[in-house]
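Undergrad: First the structure, then my questions, so here it is.
Numbering (the UniProt record's numbering), first residue to last: 1 to 607.
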């Protein structure tokens, strides 16, 4: 592109400038040379940033990413749509007591997540046996049907049954995390899972918005079709937002059909074929085709990262159930040779059966320094690779529930989801409560502004901040950092009430707290999801992510009821500054969750 060409030309001009100002017979002073070198480095770094901005490469194939993000966003809409319309639907069913209406509204909003809690683990097992793609497709299709039926429901029982069915046939959230875990290398999973966080944030913003704007269209939009006496939208005033949500789920279903299946069968190869008899290089070529796209191979197979290449091949063998060990053996031969041209040795070994892999490996030797950052995450796996490549087939995988790292990562994910979901429920109650009760007395439009700030902060941090933080701290330390960052957030939210009646000051403090909350939540959620994928046995990855989805669904189902209960208890306590009580509990929970991600959690550190 013109931008990158200008950078290259400018780099050359800078080099010429340095050469002209430093002739051999008249050397410049040390200070001048240092200044010129520093200027050149700054300019080179700037050019590098520009090139990176114009050469974005998704961590997974683009059609895979589009399907996953569309699915994630529509699921967020499905979960949050009833937040704005459920109370009015219940009221229209004929219930008059406010206490009865609030109780039934909370239950109606929870049925979807309750059903997901009951079935998500079993959908995970199904995805481990039959594939991730069918589970995602079934979930999208059932969601599209059930949300339209929800808008057509004419009784509370019918609406409840449809919401429950929508969650019962939905194993999507665990399956999409499994797809990302199988589609990219561990050090790229954080960046890939960020797209899930962004998509979920977009969906949770769209869901309540379309619910509030498009419900009861006959009274809002003059000349709206099907709004005559006894016509569809007049009889079913909440159908339109449900219909639009159903269409979005249907589009996500169509996008899912274009996805690649990431579950590998135990049938001798990714494509179901055996290696060619007598071809010594066939296993190496076969394994190389499994571990990633062509853009990752030069980095993976550079001579500086032969240990990482061996580890990746062993991971592929374990995931495939292969018992040959030959692909890793070829690279181990080069590693153990102890020569600087290790990649060339591996190429020569592979070339005995054909010439194509040799060219690939040689090109990796020329390009590669990218594997250096990921090598620390592979030290433990390398020792296993050294042993297993000589001994043969890997041992039978132990059930996931017996593995302490899996249990700890699931516990941490559940606690993180609990803390942030509870805050999401309590904060609107606090902000809308009268100032006399310790709240802010905000209207719904005022409440929307801090949420908008949070969404913008999420996008900016996901685009420019998270990847650098992961590289600097690693996933475990980043998760703990996110939990500790949440502590001042939980203190600032109720502290905004102390600024009343200065609405502007209270709004500014609340917006700042929500911006920091977006950074903390993204850091913790994304890192915890990466750790689940790292800890899970490869053949049970779907089950583990299904269990993670069950835990999160339980928290989302219990959150609405628990948040209201805790706020009412703090209000009835009569204590001064009672608005701080629930948020003080969140502080303690955040600090306590840090202990889960301590040194006891033994997983490869990914940067």
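Each residue gets a CB set at the ideal place from its N, CA and C atoms; glycine is no exception. This one's a predicted model, so the numbers in the text were calculated from it and none came from an experiment.
Would you check if the stretch 202-217 and the stretch 577-592 touch, i.e. whether three or more CB-CB distances between them fall below 8 Å?
TA: No, the stretch 577-592 is not in contact with the stretch 202-217.
Undergrad: Using alpha carbons as the reference points, say which of 71, 417 and 181 lies closest to residue 192.
TA: Checked all of 71, 417 and 181; the closest Cα to residue 192 is 181.
Undergrad: Rounding to the nearest angstrom, what Cα-Cα distance links residue 470 and residue 228 in this structure?
TA: Spanning the two alpha carbons is a distance of roughly 57 Å.
Undergrad: So residue 164 is in the alpha helix (DSSP H); what residue range does that whole segment cover?
TA: Run containing residue 164: 156-168, per the alpha helix (DSSP H) assignment.
Undergrad: Can you tell me whether residue 573 is buried or exposed? The criterion is at least 16 other CB atoms within 10 Å of its CB, across all chains shown.
TA: Exposed.
Undergrad: To the nearest angstrom, how far is the alpha carbon of residue 397 from that of residue 545?
TA: Roughly 17 Å between the two C-alpha positions.
Undergrad: Quick check on this structure: which residue in 187, 176, 441 and 194 has the alpha carbon closest to the alpha carbon of residue 504?
TA: Minimum Cα distance to residue 504 is reached at 441.
Undergrad: Is the beta carbon of residue 184 less than 7 Å from the beta carbon of residue 165?
TA: Not closer than 7 Å, so no.
Undergrad: What separation, rounded to the nearest whole angstrom, lies between the Cα atoms of residue 454 and residue 509?
TA: Near 13 Å, if we compare the C-alpha coordinates of residue 509 and residue 454.
Undergrad: If we call anything under 7 Å between Cβ atoms a contact, is residue 522 one with residue 461?
TA: Their beta carbons are under 7 Å apart, which means residue 522 touches residue 461 by this criterion.
Undergrad: What three-state label does DSSP hand residue 60 in the structure shown?
TA: Reduced to three states, the DSSP call for residue 60 is coil.
Undergrad: Taking residue 172 and residue 71 to be in contact with their CB atoms under 8 Å, please state how far apart those CB atoms are, rounded to whole angstroms.
TA: The Cβ separation is near 6 Å, so the contact holds.
Undergrad: Within the stretch 415-468, note down every full alpha helix (DSSP H) run reaching 4 residues or more, in order along the chain.
TA: Listed in chain order, they are 444-464.
Undergrad: Within 10 angstroms of the Cβ of residue 248, are there 16 or more other Cβ atoms? Answer buried if so, exposed if not.
TA: The residue is buried, with at least 16 neighbouring Cβ atoms inside 10 Å.
Undergrad: Can you tell which of 118, 430, 201 and 139 has its C-alpha closest to the C-alpha of residue 565?
TA: Ranking the options by Cα distance to residue 565, first place goes to 430.
Undergrad: How many angstroms separate the CA atom of residue 536 from the CA atom of residue 252?
TA: About 27 Å.
Undergrad: Would DSSP call residue 579 helix, strand or coil?
TA: Coil at residue 579, not helix or strand.
Undergrad: With contact counted as at least three CB pairs below 8 Å, one residue from each stretch, are the stretch 222-236 and the stretch 95-112 in contact?
TA: Flag = no, the stretch 222-236 and the stretch 95-112 do not touch.
Undergrad: Could you say which of 132, 450, 457 and 159 lies nearest to residue 170 if we only look at CA atoms?
TA: The option with the nearest alpha carbon to residue 170 is 132.
Undergrad: Go ahead and label residue 464 buried or exposed: buried means 16 or more other beta carbons lie within 10 angstroms of its beta carbon, across all protein chains shown.
TA: Exposed, because fewer than 16 other Cβ atoms sit within 10 Å of the Cβ of residue 464.
Undergrad: When you compare the CB positions of residue 153 and residue 256, do they come within less than 7 Å of one another, or not?
TA: In this structure, residue 256 does not lie closer than 7 Å to residue 153 by Cβ.
Undergrad: Please say whether residue 115 and residue 167 have beta carbons closer to each other than 7 Å?
TA: In contact: residue 167 and residue 115 (Cβ atoms closer than 7 Å).
Undergrad: Given a threshold of 16 other Cβ atoms within 10 Å of its Cβ, counted over all protein chains shown, does residue 128 qualify as buried or as exposed?
TA: Buried.
Undergrad: For a minimum of 4 consecutive residues, which ranges assigned as the alpha helix (DSSP H) are wholly contained in the stretch 117-152?
TA: Segments of the alpha helix (DSSP H) lying fully in the stretch 117-152: 132-152.
Undergrad: Thinking just about the alpha-carbon of each residue, which of 179, 452 and 602 is nearest to the one in residue 542?
TA: The shortest Cα separation from residue 542 among 179, 452 and 602 belongs to 179.
Undergrad: Among the residues of its own chain, which have a CB less than 6 Å from the CB of residue 516, if the five just before and after it don't count?
TA: Only 489 meet the Cβ criterion.
Undergrad: Are there any heavy atoms of the ligand ZN lying less than 6 Å away from the beta-carbon of residue 542, as far as the coordinates show?
TA: The model on display carries no ligand, and the ligand ZN is accordingly not part of it.
Undergrad: Can you list, in chain order, the residues of its chain whose CB lies under 7 Å from that of residue 530, leaving out five sequence neighbours each side?
TA: Closer than 7 Å at Cβ, skipping near neighbours: 189, 190, 193, 475 and 606.
Undergrad: How many Å lie between residue 150 and residue 242 at the Cα?
TA: Near 7 Å, if we compare the C-alpha coordinates of residue 242 and residue 150.
Undergrad: For residue 529, report the span of its alpha helix (DSSP H) as first-last.
TA: Its alpha helix (DSSP H) spans residues 503-535.
Undergrad: Please determine, among 450, 497, 524 and 66, the residue with the shortest C-alpha to C-alpha distance to residue 481.
TA: Residue 481 has its Cα closest to that of 524, out of 450, 497, 524 and 66.
Undergrad: Output yes or no for whether 7 Å exceeds the beta carbon distance between residue 570 and residue 486.
TA: No, they are not a contact pair.
Undergrad: Taking only beta-carbon positions, decide if residue 568 is within less than 7 Å of chain C.
TA: Absent from the structure: chain C. Only one protein chain is present.
Undergrad: Among 159, 121 and 588, which one has its Cα closest to the Cα of residue 484?
TA: If we check each option's Cα against that of residue 484, 588 comes out closest.
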